[in-house]
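Under our numbering, the first residue of the sequence shown carries the number 498, and numbering increases by one thereafter.
We put the CB at the ideal spot given by N, CA and C, even for glycine.
In this text, all values refer to a predicted model and were calculated from it rather than measured experimentally.
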Amino acid sequence: MRTSMIVAGVVLLLVGVIWIKEYRLGEKKMTYTARFQEVGNLAEGDPVNVRGVRKGAVTDVKLEDQAVRVELELDRDVVLHPDASLRIANIGFMGEKFLALEPGTAPGR
498 MRTSMIVAGV VLLLVGVIWI KEYRLGEKKM TYTARFQEVG NLAEGDPVNV RGVRKGAVTD
558 VKLEDQAVRV ELELDRDVVL HPDASLRIAN IGFMGEKFLA LEPGTAPGR
């Protein structure tokens, strides 16, 4: 009885962590790197929105000599064109940061 309660607790904890992290089993991601002169308070885990829809997340922010390197993951269904643009934006009144991605419209990928 006690062992089954411990196992059930561990399973419940894992399910909770997966739900909070928004992990989707089998979902494929693409990794990209962008460089900015300044990122404000952008941090790992902040969302990447494509036309207002959450399609990824920031995975790493590193200070380099002349810039800040930002690594991000995007869902594979996001098609980027040569004129794609990426900017840092604020969410709401509290100033939380996110990356706003405009995938572009120019021919090509």
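Taking DSSP's pairing of strands, which residues face residue i in a bridge?
i: D557; result: E568
i: P544; result: A554
i: E593; result: I588
i: K525; result: Paired residues: none, contrary to the question.
i: S582; result: E599
Closer than 7 Å by C-beta to residue i: which residues in its own chain qualify, once you throw out the five before and the five after it? Chain order, please.
i: G506; result: none
i: V547; result: V575, L598 and P600
What would DSSP say about residue i, mapped onto helix, strand or coil?
i: V550; result: strand
i: F602; result: According to the sequence shown, residue 602 is Thr rather than Phe. Coil, per DSSP.
i: A531; result: strand
i: L510; result: helix
i: R573; result: coil
Kindly list the residues whose CB is nearer than 6 Å to the CB of residue i, restricted to its own chain and excluding five residues on each side of it in sequence; keep chain order.
i: T528; result: E570
i: I588; result: F595
i: R551; result: P544
i: S582; result: E599
Please return the same chain residues whose Cβ sits closer than 8 Å to the Cβ of residue i, not counting the five positions on each side in sequence.
i: D543; result: A554, V555, E593, K594, F595 and L596
i: I585; result: F533, V536, G537, L539, K594, F595, L596 and A597
i: T602; result: H578 and D580
i: D557; result: E541, R566, V567 and E568
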